[in-house]
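Residue numbers for the sequence shown, in our numbering: 27 to 193.
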Amino acid sequence: DVTAGQVLDALDWSGIPAWFSYAEARNGRLVLFNDIAYAKLAGSKSFAKTGPLGAATLSGNVEADYEQAIVEVGAAYEIWSGMNPGVGTAAVDVLDGGRYWHQDTTVSADLSLNGNLGLDLEGNRVVARSGSVDWVDPFIGARLRQQLTPGQNFTLRGDVGGFDVAL
């Protein structure tokens with residue numbers, strides 16, 4: 027549960043923190059398109075908790091890095107177009123393509139325990155875990171394009187993918 031401002035604050039500026047783009051090339055009824063969404067986030071939080079009667083203190087720092095990329099490549103073919111009276115032109119396209127997904131996460135924690143319960147307690151522990159996953163899903167779909175005014179269009183798109191054939 028974070029705000030948009032917290033997400034912006036968490037962008038990792040050591041490289042490209044975020045990239046979003048869409049490109050489309052049309053030749054008659056055929057369209058080739060590409061959609062890219064990329065974000066890299068990083069955050070850390072320090073803490074210290076003291077037990078009952080101040081007998082022991084657990085403190086540490088937790089850091090997390092998360093990177094996600096989605097690259098979509100596909101083609102669309104216009105199967106219908108016509109005029110809507112008073113509104114402008116409308117068209118329906120069918121879509122086909124594939125989506126590449128990449129997710130990478132690293133989490134690390136540096137923990138310390140200090141205290142006295144009749145015994146001197148002291149200990150440090152460093153834990154780090156990371157992992158990544160990549161896959162490609164095919165998709166099919168359709169979109170409705172409606173001209174609102176010259177130079178302004180409304181597009182409604184839907185697709186379904188996966189089909190249990192992720193590569």
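We treat Cβ as the ideally placed atom computed from N, Cα and C, and that holds for glycine.
Alpha-carbon to alpha-carbon, I96 and R67
It is worth fixing the name first, because residue 67 is Leu in this sequence and not Arg. So the alpha carbons of these two residues sit roughly 15 angstroms apart.
What's the call for G41, buried or exposed, on a 16-neighbour Cβ count within 10 Å?
exposed
3 or more residues per run - each beta strand (DSSP E) lying fully within the segment 71 to 129
82 to 110
Would S156 and E89 be called neighbours here (beta carbons separated by less than 8 angstroms)?
no
Alpha helix (DSSP H) segment containing L34, residue limits
30 to 36
Continuous beta strand (DSSP E) stretch holding F46: start and end
44 to 53
Excluding the 5 residues preceding and the 5 following I11 in the sequence, name in chain order all residues of the same chain whose CB lies nearer than 8 angstroms to its CB.
Within the shown structure, residues of the chain are numbered from 27 to 193, placing residue 11 beyond reach of any answer.
Alpha-carbon spacing of D3 relative to V33, whole angstroms
One cannot answer for residue 3 here, as it falls past the ends of the chain, which runs 27 to 193.
Suppose the cutoff is 6 angstroms on Cβ atoms and the five residues either side in sequence are ignored; what does the same chain contact list for K71 look like?
V88
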